[in-house]
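Visitor:
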Amino acid sequence: MDNEIVLKVKASYTNKLRTGYPLIAKEALMNIEDLQEELINKRNDR
189 MDNEIVLKVK ASYTNKLRTG YPLIAKEALM NIEDLQEELI NKRNDR
């Protein structure tokens, strides 16, 4: 479920990246990728 939300947000920022907010979107995507890694690590720890 968490991952679903992350993917939706990531898609939204990927769209923004294409439509003219490159710097903001690029930074956000990097943050989202960090979040994804954290979620995966949490899942693996269980």
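With the working numbering applied, the sequence shown has no gaps in its numbers, which climb one by one up to 234 at the end.
By construction, the Cβ of each residue, glycine as well, lies at the ideal position given by its N, Cα and C atoms.
Computed from a prediction, not measured in an experiment: that's the story for all the values here.
Flag this pair as yes or no: are the beta carbons of Leu223 and Leu205 separated by less than 8 angstroms?
Guide: No; because the gap between Cβ atoms is not below 8 angstroms, this pair is not in contact.
Visitor: Under DSSP, the alpha helix (DSSP H) around Tyr201 begins and ends at which residues?
Guide: First-last of the alpha helix (DSSP H) with Tyr201: 190–206.
Visitor: Among Arg231, Glu215, Lys230, Arg234, which has the Cα closest to the Cα of Tyr201?
Guide: Nearest of Arg231, Glu215, Lys230, Arg234 to Tyr201, Cα basis: Glu215.
Visitor: With the cut-off set at 8 angstroms, would you say Leu227 and Asn191 are in Cβ contact?
Guide: Yes, they are a contact pair.
Visitor: Could you check the C-alpha separation between Tyr209 and Asn232 for me, to the nearest Å?
Guide: Answer to the nearest angstrom: the Cα atoms are 34 angstroms apart.
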